[in-house]
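Numbering (the numbering used here), first residue to last: 110 to 212. The C-beta atom is built at its ideal place from N, Cα and C for all residues, glycine as well. What follows is one structure encoded as structure tokens, with my remarks underneath.
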Amino acid sequence: MVYITSWDEFVDRSIQLFRADPISSRYVMKYRHCDGKLVLKVTDNRECLKFKSDQAQDAKKMEKLNNIFFVLMTKGPDADITEATSKEQGEAQSAKRGRGRKQ
């Protein structure tokens, strides 16, 4: 088991691990409210990658990773994941534009 402290490294290695063996790979997220800790785990039964955080802003990062894994799991390990990240960016830009409107 490896705890990775860098978010970008965790995402990159997790995607590589999934793409190498999509049938055996699992992505698990666990939130412990009493500790206020979020733990993400990606494993293929040979290698186990974990990321732990108690920062609220990491929830957005986790949502982005969820979108990436949804694309990989539904469209296959060779799917283009840029659509998962660009969708989130497009939604964020739409939300920013909507804030400026009077109601």
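Judged by beta-carbon spacing, residue 150 lies within the 7 Å limit of residue 159, meaning their Cβ atoms are closer than that value. The alpha carbon of residue 131 has as its nearest neighbour, out of 180, 191, 193, the alpha carbon of 180. In terms of CA proximity to residue 138, 175 leads the group 122, 175, 128, 124. Closest option to residue 114, judged by alpha-carbon separation, among 127, 162, 125: 162.
For residue 120, the number of other beta carbons within 10 angstroms of its own is at least 16, and it is reported as buried. For residue 133, the number of other beta carbons within 10 angstroms of its own is below 16, and it is reported as exposed. Note on the segment 115-185: whole alpha helix (DSSP H) runs with a minimum of 4 residues are 116-129, 167-184, in chain order.
The beta-carbon separation of residue 186 and residue 128, rounded to 4 Å, stays under the 8 Å limit for a contact.
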